[in-house]
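Participant:
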Amino acid sequence: MDIATNDKSSWRRIGLASLICLFIIACCLTFALGARDYGMAYIFFDPARLPYAIATVAAFAAVSPLFIFARFSFGYFAGFYCYAMILGYLWLNCFSPFKYDHKLAGASAALSAVAFLFPALFITSPVKQFYPLSDRAMHRLLVSILLFSAAIAAISAFYNFRLISVDEIYAYREQLRFPTIINYATAVIMSVLLPYAFACFLARKNLWWAGAALLVSVSFYPITLTKVALFMPAWLVVLAVLARFSETRIATILSLLLPVLAGVILFVTFHEISRRYFNIVNLRMLIAPSSAMDFYNEYFARHDLTHFCQIWILKPIVPCSLDIPLSVEMANNYGLGNMNASFFATEGIASVGNWFAPVSALMAGFIIAIGNRSSAGLPANFVLISGAILPQILLNVPLTTTLVTHGMAVLFLLWYITPRSMFEQKPG
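Numbering (our numbering), first residue to last: 918 to 1345.
#1: What residue from ASN1214, ALA1297, ALA1305 has the CA that sits closest to LYS1016's CA?
#2: DSSP state of TRP1229, grouped into three classes?
#3: Which same chain residues end up closer than 7 Å to TYR1194 when comparing Cβ atoms and leaving out the 5 residues on each side of it in sequence?
#4: For MET1107 versus VAL1145, is the C-beta distance shorter than 7 Å?
#5: Only counting the same chain, and skipping five residues up and downstream in sequence, which positions put a Cβ closer than 8 Å to that of PRO1344?
#6: Nearest to ALA1127 by CA position, among ILE1062, TYR1076, GLU1091, ILE1072, is which residue?
#7: I believe PHE997 touches THR1169 by the beta-carbon criterion, under 8 Å. Please report the beta-carbon distance rounded to the nearest angstrom.
#8: Where does ASP1211 land, buried or exposed, given buried means 16+ other C-beta within 10 angstroms?
#9: Following the continuous alpha helix (DSSP H) through CYS1011, name the residue where it begins and the one where it ends.
#10: Look up ASN1255 in the DSSP assignment and say whether it is helix, strand or coil.
#11: So what's ALA1293 in DSSP terms, helix, strand or just coil?
#12: Exposed or buried, which one is TRP1125 when buried takes at least 16 other CB atoms within 10 Å?
#13: Smallest Cα separation from CYS1226: which of ILE1241, ILE1287, SER1303?
#14: Can you tell which of ALA1281, LEU1320, VAL1300, SER1291 has the C-alpha that lies nearest to the C-alpha of ALA1032?
#15: What is the C-beta distance between ALA1209 and SER1136, in whole angstroms, given that I count them as a contact (C-beta under 8 Å)?
#16: VAL1083: which of MET1339, ASN1196, PRO968 sits nearest, CA to CA?
#17: For TYR969, count the other beta carbons within 10 Å of its own beta carbon; 16 or more makes it buried, fewer makes it exposed. Which is it?
#18: Check for me: the alpha helix (DSSP H) holding PRO1043 runs from which residue to which?
#19: Counting Cβ pairs closer than 8 Å, one from the region 1285-1301 and one from the region 1333-1341, do we hit at least three?
#20: Could you say which of ILE1228, ALA975, LEU950, PRO1308 lies nearest to PRO964 if we only look at CA atoms?
#21: Do you know offhand how far VAL1158's Cα is from LEU936's?
#22: So what does DSSP say about PRO1344, is it helix, strand or coil?
#23: Suppose the cutoff is 7 Å on Cβ atoms and the five residues either side in sequence are ignored; what does the same chain contact list for TYR1251 look like?
#24: Do three or more CB pairs link the region 1020-1039 to the region 974-982 at distances below 8 Å?
#25: Beta-carbon within less than 8 Å of PRO1049's beta-carbon, same chain only, minus the 5 sequence neighbours each way: which residues are those?
#26: Give the single residue among PHE994, PHE1260, ARG1057 whose Cα lies nearest to the Cα of SER1172.
#27: Give me the residue from VAL1245, PHE1078, GLY1254, GLY992 with the minimum Cα distance to VAL1300.
#28: Kindly confirm or deny that the region 1317-1326 and the region 1095-1109 touch, where touching means at least three C-beta pairs closer than 8 Å.
#29: Please list, in chain order, all residues of the same chain as ALA1130 whose beta carbon is under 7 Å from its beta carbon, the five residues on each side excluded.
#30: From this set, SER1066, ALA1074, CYS999, ILE1081, which residue's C-alpha is nearest ALA1102's C-alpha?
#31: GLU1091 to PHE961, Cα distance in whole Å?
#32: Looking at ASN1298: is its Cβ nearer than 7 Å to the Cβ of ALA1160?
#33: Does DSSP put VAL1185 in a helix, a strand or coil?
#34: Among ALA1258, PRO1139, LEU1320, which residue has its Cα nearest to the Cα of GLY1349?
#35: Looking at CYS944 and LEU1004, is the spacing between their C-beta atoms short of 7 Å?
#36: On a CA-only basis, which of ALA972, SER1303, LEU1243, PHE989 is nearest HIS1220? Give me that one, please.
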């Protein structure tokens, strides 16, 4: 029995290692191919510098065994997406046209990734549940989430409702004006509440209720004009299928590998036809978050650090050279739209600079570890599905925004009060 178990574990690790290697190749190909069409976004490729890029990526690949030996947790899910973003930045850094200390920035990014990953992957001990919900209370909570979400969608529809294609959303999205409370409610609903409700209904085998959660989520698309609202139902279903038929760590890697690899194959085979897919998947999931770090490094090589003054609660007490939101300031400088970015760029590069960015990343890892502890004891596939949206959010907005505006702190609380008995096999 022990020998069979060890053999199975060894094969699983070999499978994980193979998938990670394939993902690294697909990631590098994404950036190399992207340079053909996105030079205006400062995505470049120079064959003469390819050996340096390969050596850099190979060195950073030494971090990847952490994902082979760590158990699945929310930190594993978020950590792999962050690893992919840093990997992409290290590739871009070898070809960047910007003038800043690229060696320091590259070393800082790699150390920041390691500093983040250790607590995010390995602090997983459970916290004692003092108030788990009863089965009846849990059902009431889930129905309340659906009713609340539907009510917010109905109210928001009075402010905006347009059935338009994905290509047209940017022409209208800047015109949207919702009350602040509606903005916050919508962000939490889309990022946390509906994925959590869907995962719970799926675990309870309430498939009709799970379908209702997906319908409510897609109803936000003509209101918010966001790709998250449009594609979230498909994303949740895909993760549920991956988690159903593969081990959760493998499902995590496949959740990035499969869409990115498909984009690479389509780009090479049907360049013009596949451009929309490449824009939505490869550009948004990988290239944009990684390139944001390049922009932030260039900007803050010429400007004062923010010392976290971009965080609204600190702005009144911390001297700040910014009179407008950081994302708007970046848009004004580079002309590529409001450039939100991950905590590696905002709470790292922008706030404390490259020398201290690893310390900031370490603190972020400890915050993610709170999610690991609050979800300890829950099935891995449930954590994967209920947290499905947050890793992508983490790549594109600051950690403080993810915690509060997008409701990551709310999800940690929901995981904590979720009754573990809900997942026990009932006899007969």
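Positions of the beta carbon are idealized from the N, C-alpha and C atoms, including for glycine.
Facilitator: Taking the geometry as given:
#1: When each option's Cα is compared against that of LYS1016, the closest is ASN1214.
#2: coil
#3: GLY1180, LEU1183
#4: yes
#5: Because the pLDDT of PRO1344 is 48, which lies under 50, any placement of that residue in the model is unreliable, and the question is left without a value.
#6: ILE1062
#7: A Cβ-Cβ distance of about 5 Å is found for the pair PHE997 and THR1169, placing them in contact under the 8 Å criterion.
#8: buried
#9: Run containing CYS1011: none; DSSP gives neither H nor E here.
#10: coil
#11: coil
#12: exposed
#13: For the residues ILE1241, ILE1287, SER1303, the minimum Cα distance to CYS1226 belongs to ILE1241.
#14: Taking ALA1032 as reference, the option from ALA1281, LEU1320, VAL1300, SER1291 with the minimal CA-CA separation is ALA1281.
#15: Between the beta-carbon of ALA1209 and that of SER1136 there is about 30 Å, and that puts the pair past the 8 Å contact cut.
#16: The option with the nearest alpha carbon to VAL1083 is ASN1196.
#17: exposed
#18: No alpha helix (DSSP H) holds PRO1043; DSSP gives it neither H nor E.
#19: Because the criterion of three Cβ pairs below 8 Å is met, the region 1285-1301 and the region 1333-1341 touch.
#20: LEU950
#21: One C-alpha to the other measures close to 18 Å.
#22: Below a pLDDT of 50, predicted positions are generally treated as unreliable, and PRO1344, at 48, falls in that range; the measurement from the model is reported next regardless. The answer is coil: DSSP assigns PRO1344 none of H, G, I, E or B.
#23: PHE1212
#24: yes
#25: Excluding five sequence positions before and after PRO1049, the CB atoms of its chain that fall closer than 8 Å to its own CB belong to ILE1334, THR1335, PRO1336, ARG1337, SER1338, given in chain order.
#26: With distances taken between Cα atoms, SER1172 lies closest to PHE994.
#27: GLY992
#28: Yes, the region 1317-1326 is in contact with the region 1095-1109.
#29: LEU1063, LEU1111, ALA1114, PHE1115, PHE1118
#30: SER1066
#31: 29 Å
#32: yes
#33: helix
#34: The chain is shown only over 918 to 1345; residue 1349 falls outside these bounds and no answer can be derived.
#35: yes
#36: LEU1243
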